[in-house]
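**Student:** My questions all concern the structure below.
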């Protein structure tokens, strides 16, 4: 009997190993090489019951990625991006929302995207050995970097519990930006649904560092290390690395609250740096006062900044498209979210204004 049990276990392991060795590239694998996890690329299908493996040969992945990039070149606003921008944005929310139609999985029921959080086993072991070798006691040297966001750094149950507030004075100051704190962990993001605790929904990488420097320099010039949510007025600590806040920052030509910080971009009219906390983004606490439609910020990436008014970006009814002077509606819709934050002239009365950026008083709290 023990021998039979061992045989069954080995058979299950062999079946699992065989499934993992299959290259799941949608265009068909043309490689004769065995699948090695150390040199493979891991992808994720949004179909929870997908029977395909999650690994591709690196050469197969790069060939398939080039096909997806070709699709992206002819799609929407990505047509104006440089080749470097397309490659950088492809597997982030910004690019994937435009390219997902070209990422169909072989299961026929889902779409694939690259797993940006996956580390090959050999690289993980090497990193662990290096960390162990450098693990020496130090009293004065602060940590120079924060770990990438991983599900293991969150609560194992996924419950929010009572995470520490980001406005707590317990956060140590950053060694490079004395005004701003250094984030010690990501427990505050446990309040999010489990499927959103990843680098796809939360800004983690420091690529495109101009945005981070712009925010820190702007707030530093105003000698403030905290911002308040324009919806619930909850204070949020600003950190020196991504994710910068436990919510989302955005620029608007309208000062939505007294705590909005004035900035000047490209010598245009003064803009205001405002913020919305992640609980208000997820909780749908606002509804349009005209049509009753709820405003949702669930699609926004946390921890970064949008260069347009996030409330004006998705008008829900004709009332939000009316001229602020003569109250007559604009006839044509806009192509991009940012278009609703531009100064335009009314075709009826000629008044130039930020007509679509309405005050928050036009919403009702739920």
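In UniProt numbering, the protein residues as written are 1 to 366.
Ideal Cβ positions, reconstructed from N, Cα and C, are used throughout, including at glycine.
All figures in this text were calculated on a predicted structure; none of them were measured in a lab.
Please classify residue 117: does DSSP put it in a helix, a strand, or coil?
**Tutor:** Coil.
**Student:** Ignore the nearest five residues each way along the sequence and tell me which others in residue 355's own chain have a CB closer than 6 Å to its CB.
**Tutor:** Hits under 6 Å: 323 and 324.
**Student:** For residue 295, name the three-state secondary structure that DSSP assigns.
**Tutor:** Residue state, collapsed to three classes: strand.
**Student:** So, with DSSP's three-state summary, where would you put residue 35?
**Tutor:** It is coil, neither helix nor strand.
**Student:** Using CA coordinates, which residue listed in 41, 317 and 67 is at the minimum distance from residue 104?
**Tutor:** Residue 67 is the option with its Cα nearest to residue 104.
**Student:** So for residue 368, helix, strand or coil by DSSP?
**Tutor:** This structure cannot settle anything about residue 368, because the visible part of the chain is limited to 1 through 366.
**Student:** If you count every other CB in all the chains shown that lies within 10 Å of the CB of residue 114, and 16 or more means buried, which is it?
**Tutor:** It counts as buried.
**Student:** If you follow the alpha helix (DSSP H) that residue 236 is in, where does it begin and where does it stop?
**Tutor:** Unbroken run through residue 236 is the beta strand (DSSP E), 235-237; no alpha helix (DSSP H).
**Student:** Which residues in the same chain have their Cβ closer than 7 Å to the Cβ of residue 281, if we skip the five residues on either side of it in sequence?
**Tutor:** These residues qualify, in order along the chain: 247, 248, 297, 298 and 300.
**Student:** Do residue 285 and residue 366 have their C-beta atoms closer together than 8 Å?
**Tutor:** Yes.
**Student:** Do you know offhand how far residue 340's Cα is from residue 215's?
**Tutor:** Answer to the nearest angstrom: the Cα atoms are 22 Å apart.
**Student:** Distance check for residue 120 and residue 39, CA to CA, integer angstroms please.
**Tutor:** Taking the straight line from one Cα to the other gives about 7 Å.
**Student:** What alpha helix (DSSP H) runs, 4 residues minimum, are completely inside the UniProt domain "Headcase N-terminal" (23-118)?
**Tutor:** Correct list: 58-73, 83-89 and 93-99.
**Student:** If you draw a straight line from the alpha carbon of residue 302 to that of residue 279, how long is it in whole angstroms?
**Tutor:** Each residue's Cα considered, the two are about 11 Å apart.
**Student:** Span of the beta strand (DSSP E) holding residue 286?
**Tutor:** Per DSSP, residue 286 belongs to the beta strand (DSSP E) from 286-288.
**Student:** Determine which residues share a DSSP beta bridge with residue 329 and list them.
**Tutor:** BP columns for residue 329 point to 322.
**Student:** If you reduce the DSSP assignment to three classes, tell me which class residue 254 lands in.
**Tutor:** Reduced to three states, the DSSP call for residue 254 is coil.
**Student:** Does the Cβ of residue 45 have 16 or more other Cβ atoms within 10 Å, making it buried, or fewer, making it exposed?
**Tutor:** Residue 45 comes out buried.
**Student:** In three-state terms, what does DSSP make of residue 308?
**Tutor:** Of the three classes helix, strand and coil, the one that applies to residue 308 here is coil, per DSSP.
**Student:** Would a C-beta distance cut-off of 8 Å place residue 367 and residue 182 closer than the cut-off?
**Tutor:** Given a span of 1 to 366 for the chain in the structure shown, any question on residue 367 remains unanswerable.
**Student:** Roughly how many angstroms lie between the CA atoms of residue 151 and residue 26, to the nearest whole one?
**Tutor:** The predicted position of residue 151 is uncertain, since its pLDDT is 35 and thus under 50; a value taken from the coordinates is nonetheless stated next. Approximately 27 Å, taken between the alpha carbons.
**Student:** Nearest-angstrom Cα distance between residue 330 and residue 101?
**Tutor:** Taking the straight line from one Cα to the other gives about 32 Å.
**Student:** What's the C-alpha gap between residue 240 and residue 275?
**Tutor:** Taking the straight line joining both Cα atoms gives about 16 Å.
**Student:** Straight-line CA distance for residue 309 to residue 232?
**Tutor:** Cα to Cα, the separation comes out at about 17 Å.
**Student:** For residue 350, name the three-state secondary structure that DSSP assigns.
**Tutor:** In this structure, residue 350 counts as coil in the three-state DSSP scheme.
**Student:** Tell me the DSSP bridge mates of residue 202?
**Tutor:** Answer is 302.
**Student:** Look up residue 273 in the DSSP assignment and give the residues it is bridged to.
**Tutor:** In DSSP, residue 273 forms a bridge with 251 and 261.
**Student:** With DSSP as the reference, please indicate the residues paired to residue 365 in a beta bridge.
**Tutor:** 286, per the DSSP bridge assignment.
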